[in-house]
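Trainee: If you read the protein sequences in the order shown, they are chains R and X.
Using this note's numbering, the first residue of the first sequence is number 1, and each one after it goes up by one.
Using this note's numbering, the first residue of the second sequence is number 340, and each one after it goes up by one.
Can you read through this structure? Questions will come right after.
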Amino acid sequence: MLVTHLLARGQVLAQGPDWISFDVGAFVDQFWSNTFDGLTYGAIYALIAMGYTMVYGVLQLINFAHSEVFIVGAYALFFTLAALGFGPSAPNLNVFALVGDLVLAMLVAMLAAGAIAILLERVAYRPLRRRKAPRLAFLITAIGASFAIQYAIFAWRGPNPEPALIMFRQQPVFEVFGAIIYDQQIVIFVAALVLMVVVDQFVNRTRLGRGLRAVAQDPDTATLMGVNRERVITLTFLIGGFLAGAAALFYVMKVPAGVQYNGGFILGIKAFAAAVLGGIGNIRGALIGGLLLGVIGNYGQTLFGNAQWTDVVAFVVLVGILMVRPTGLLGESLGKARV
Amino acid sequence: MLRSRRAAVLAGGVALTLALAGCAANQEPAPGGGGGAGNRPDIPAVTTLPVPADAANPAGNGQAACAPTTTLAYAGALTGSNAQLGVNIVNGVQLAVNQHNQNNPNCQVQLKKFDTEGTPDRAPGIVTQVASEKDTIGVIGLPFSGESKATGAIFQQAGLTHLSPSATNPDLTKNGWTTFFRALANDNVQGPAAAKFMTGKLGATKVCVIQDDSDYGTGLAKATNDALGPVAADCQDKVTTGQKDFAAVVSKVVAAQPQVVFYAGYYAEGAPLDQQLSTRGFQGVFLGPDGVKDPEFVKLAGDASSNAFFTCPCTPGELVPQFADAYKGVSGGSAPGTYSLEGYDSATILLKAIDSGAKDRAAVQNYVKSYDAPGFSKQFKWDPSGELATTKVFGYKVENGQIVPVGEIG
């Protein structure tokens, strides 16, 4: 009885004051399309969240400038695609040429983001580490570096976003539970997942990955065992930068006009929240957290009919989960993340 | 060795999934990709605009005489993220002053320009400075509603008349200010005009109204919804400033299959919304108000923008040849933009006040209060609150990547 009542199309439960109302009908109708869209966007969150989580795992540092690492990658991607002839309309390319172009642009974006991540580490964090600065100093430096990069881009490119670059025309591929799945969603989700599995396997199975885990667990002992700590730190920033660069490709694929000086800011906060949600310092946690945050945000928007509730819902869930599991869904440590 | 293998796996995996995209991308558009009624209405662009023969001209009769210290001021955005609108206006103002001064050797009016960056927190300081300069007897500005709201009381206290060429928030004229006049229709006029345009010329029987969270967007959406009534009753959504991903909104719209989506807000969110709607198979019309009507919209939405129409209480200055040609001489070659003509007309009215012998702020205020004459954009006559007696709203559309007028819609 209650269920039929709730399922009534366009049912508004709390009408009257304009500030809040529930559209349960739309929420049910669009449940699956919101889920798949949320997973797509969540995969992008997760890729960026990896950068936060790995740096935190190794250094216990929240690298707030990671959102700018991402946006530098996005600019590199934009210029590469523009140089390859992409524009406001989907190009007429055959499959191989298109894939070739996109992979090339992604590699350039990954290199640019990786380079800026390492540069950031060298310029902003390493000098502090040498002087054994307190944790707080790193945090302030991270925020400062974030603003510095953001406004350097502002001074260079101005306040407006770059023009839209359309990579390919989205096509419906198949239908699940009445929701149409588009090729773009599959590409973003699967490619992001592949990248994350590769990094997870790299950390868990290779010699370099073992060194990385060792430093995360106990830096002093790891150093005594012959692990080069500085090299591990550089590697961590590099991997985070690579993933941010890859995320830039998928983000611009989804939001063609998203390349803007402050375009990484909100995304960075969401990705950081995703990392905390999954358990900061935990690679698989970043994936779970990102996907969850993406899906929940969409549910919130439809349920309340108002995007201002997207973030409210997402962060209420975040707080709720952290109250039950203070270290996030999968727990905190990078070193222990090899279940 | 190990590393290179990993890299190969990575590159291979990504290439594989991208290949998947390519396969799908190469197919022809599949039918039934989702909502929206096809058959977009074709409303032809207009290329001429009737202008009253006796429209007020800043040149006057050439016999004007005034003190050499006589000054008008422009206050509004010249830099910052919303600078373009201010630049459009200030070029129109500059043109009017230039034409006046060329024809009236005994009355050389000075024009001072003040940059508020369009922000309500910066504007009060600037306006205080403008008001303190006693030779300034009239102001063109401020362009935006927020900064106008923040500074109206300062103008009022100084007895300094200001004509806003572009502030549309309906509440601005409800403050009891006697020095505020605006040269265009407010949003309570634009909203119903947009509603009439949608259900009339665009032939919509179902409309989705999406609004942002700004004063402008919420006010305009309310006025539009009130006029639309049941046509838009069950398709409403709210987005937020800075939002980039509109998946949830797009799902709702595509499922509702409206002929028109009306977006009450600015181009920064409107453009990606239109783009994401189009890629998910929405085939109807995207209608935006003056906050969306900007060349930047076309740039950010890509070729998706070809489904866009706009409403704007701005008269298309580009269709007034004598104005458009002269404007290019001031603007460095670019054509008149949104609110250029309103800026020109506003400055003309203040110049005519000076030519009529007004020497101080009180005389200018009295002149404007009882003004009743045609301008290039419309007839100018104000009620005591500063609203125009007659207003015009124009329709525009995107054609070949350019925004072109389609005539008057209300």
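Ideal Cβ placement from N, Cα and C applies to all residues, glycine included.
1) Any chance you could list the alpha helix (DSSP H) runs of at least 4 consecutive residues sitting entirely within the stretch 101-157 of chain R, in chain order?
2) Hey, quick one: how far does the beta strand (DSSP E) through V732/X stretch, first residue to last?
3) CB L120/R to CB A152/R, shorter than 9 angstroms?
4) Can you pull the DSSP bridge partners for K513/X?
5) Chain R partners of G581/X, CB-CB under 7 angstroms?
6) In the DSSP assignment, find the unbroken beta strand (DSSP E) run with K451/X in it and report its ends.
7) May I ask you to report which of helix, strand or coil DSSP gives E332/R?
8) CA-CA distance, D699/X and I476/X?
9) Step through the CB atoms of chain R and report whether any lies within less than 9 angstroms of the CB of A363/X.
10) For Q438/X, count the other beta carbons within 10 Å of its own beta carbon; 16 or more makes it buried, fewer makes it exposed. Which is it?
11) Would R157/R count as contacting chain X if we go by Cβ distances under 9 angstroms?
12) In whole angstroms, what separates the C-alpha of M323/R from that of E738/X?
13) Run through chain X and tell me which residues come within less than 9 angstroms of N228/R, C-beta to C-beta.
14) Of all the options F174/R, N63/R, L111/R, which has the alpha carbon lying nearest to the alpha carbon of Y125/R?
15) Please classify N92/R as buried or exposed, where buried requires at least 16 other C-beta atoms within 10 Å of its C-beta.
16) Which residues of chain R have a Cβ atom closer than 9 angstroms to the Cβ of V578/X, listed in chain order?
17) Are the CB atoms of D684/X and P482/X within a distance shorter than 9 angstroms?
18) Relative to the C-alpha of A532/X, which candidate in F585/X, Q468/X, F621/X, C653/X has its C-alpha closest?
19) From which residue to which residue does the beta strand (DSSP E) around S709/X run?
20) Taking C-beta pairs closer than 8 angstroms, name the residues in chain X that D29/R reaches, listed in chain order.
21) Note the first and the last residue of the continuous alpha helix (DSSP H) segment covering P660/X.
22) Since V592/X and F621/X should fall inside the 8 angstroms C-beta cutoff, what is the C-beta to C-beta distance between them, to a whole number of angstroms?
23) Please look up how many angstroms separate the CB atoms of Y56/R and G281/R, rounded, as I've assumed it's under 8 angstroms.
24) Taking 8 angstroms as the limit between beta carbons, can you name the residues of its chain near A665/X, skipping five residues before and five after?
25) What did DSSP end up calling T410/X once you bin it into helix, strand or coil?
26) If we ignore side chains and look at the alpha-carbon of each, how far apart do A369/X and V103/R end up?
27) Please confirm whether G620/X has its beta-carbon closer than 9 angstroms to some beta-carbon of chain R.
28) Which residues in chain A have a C-beta closer than 9 angstroms to the C-beta of L559/X? List them in chain order.
29) Scan the stretch 156-178 of chain R for residues whose Cβ lies nearer than 9 angstroms to a Cβ of chain X and list them as they occur along the chain.
30) Identify the residues that DSSP records as bridge partners of P444/X: which are they?
31) From which residue to which residue does the alpha helix (DSSP H) around A603/X run?
32) Using a Cβ-Cβ cutoff of less than 6 angstroms, which residues in the same chain neighbour T512/X once the five nearest sequence positions on both sides are dropped?
33) Is the beta carbon of P380/X sitting closer than 9 angstroms to the one on K540/X?
34) Is the beta carbon of P161/R less than 9 angstroms from the beta carbon of V259/R?
35) With a threshold of 9 angstroms between beta carbons, is V387/R in contact with chain X?
36) Can you tell me the Cβ-Cβ gap for A65/R and A142/R, rounded? I've got them flagged as a contact below 8 angstroms.
Mentor: This is what the structure holds:
1) Assignment of alpha helix (DSSP H) within the stretch 101-157 of chain R, counting only whole runs of 4 or more residues, yields 126-130, 135-157 in chain order.
2) Run containing V732/X: none; DSSP gives neither H nor E here.
3) The Cβ atoms of L120/R and A152/R lie no closer than 9 angstroms to each other.
4) Per the DSSP secondary-structure output, K513/X pairs with nothing in a beta bridge.
5) Proximity of chain R to G581/X at the Cβ level (cut-off 7 angstroms) is accounted for by I266, in chain order.
6) Counting along the chain, the beta strand (DSSP E) containing K451/X begins and ends at 449-454.
7) In this structure, E332/R counts as coil in the three-state DSSP scheme.
8) Taking the straight line from one Cα to the other gives about 6 angstroms.
9) Below a pLDDT of 50, predicted positions are generally treated as unreliable, and A363/X, at 45, falls in that range; the measurement from the model is reported next regardless. With 9 angstroms as the cut-off, A363/X counts as an interface residue toward chain R.
10) Answer is buried; the Cβ neighbour count reaches 16.
11) Not closer than 9 angstroms to any Cβ of chain X, the Cβ of R157/R fails to qualify, so no.
12) Spanning the two alpha carbons is a distance of roughly 55 angstroms.
13) Chain-order list of chain X residues neighbouring N228/R: empty, with the shortest C-beta distance near 15 angstroms, by a criterion of under 9 angstroms.
14) Restricting attention to F174/R, N63/R, L111/R, the CA atom closest to the CA of Y125/R is found in N63/R.
15) In the assembly as shown, N92/R is an exposed residue. Its beta-carbon has fewer than 16 other beta-carbons within 10 Å.
16) Simply Q301, N306, A307, Q308.
17) Not closer than 9 angstroms, so no.
18) Measuring from the Cα of A532/X, the nearest candidate turns out to be C653/X.
19) That residue, S709/X, is in no beta strand (DSSP E); it is neither H nor E in DSSP.
20) Per Cβ cutoff of 8 angstroms: A594.
21) Unbroken alpha helix (DSSP H) run through P660/X: 660-670.
22) About 6 angstroms; that satisfies the 8 angstroms criterion.
23) Between G281/R and Y56/R the Cβ distance is about 5 angstroms, and since that is below 8 angstroms, they are a contact.
24) When the five nearest sequence neighbours on each side are left out, the beta carbons in the same chain lying within less than 8 angstroms of the beta carbon of A665/X are those of L434, Q438, in order along the chain.
25) If DSSP states are grouped into helix, strand and coil, T410/X belongs with the strands.
26) Unreliable placement is indicated for A369/X, whose pLDDT of 38 sits below 50; the coordinate value is still reported in the next sentence. So the alpha carbons of these two residues sit roughly 26 angstroms apart.
27) For G620/X, the closest Cβ of chain R is nearer than 9 angstroms.
28) Absent here is chain A; the protein component of the structure consists of chains R and X.
29) So the list reads G158, P159, N160, P161, E162, P163, A164, L165, I166, M167, F168, R169, Q170, Q171, P172, V173, given in the order they occur along the chain.
30) Checking the DSSP bridge columns, you'll see P444/X has no partner listed.
31) DSSP places A603/X outside any alpha helix (DSSP H); the residue lies instead in the beta strand (DSSP E), whose first and last residues are 599-603.
32) Hits under 6 angstroms: S724, G725, E726.
33) Contact: yes.
34) Going by C-beta atoms, P161/R is nearer than 9 angstroms to V259/R.
35) This structure leaves residue 387/R out entirely; chain R is present only between 1 and 339.
36) At roughly 5 angstroms, the Cβ-Cβ gap stays under 8 angstroms, so A65/R and A142/R are in contact.
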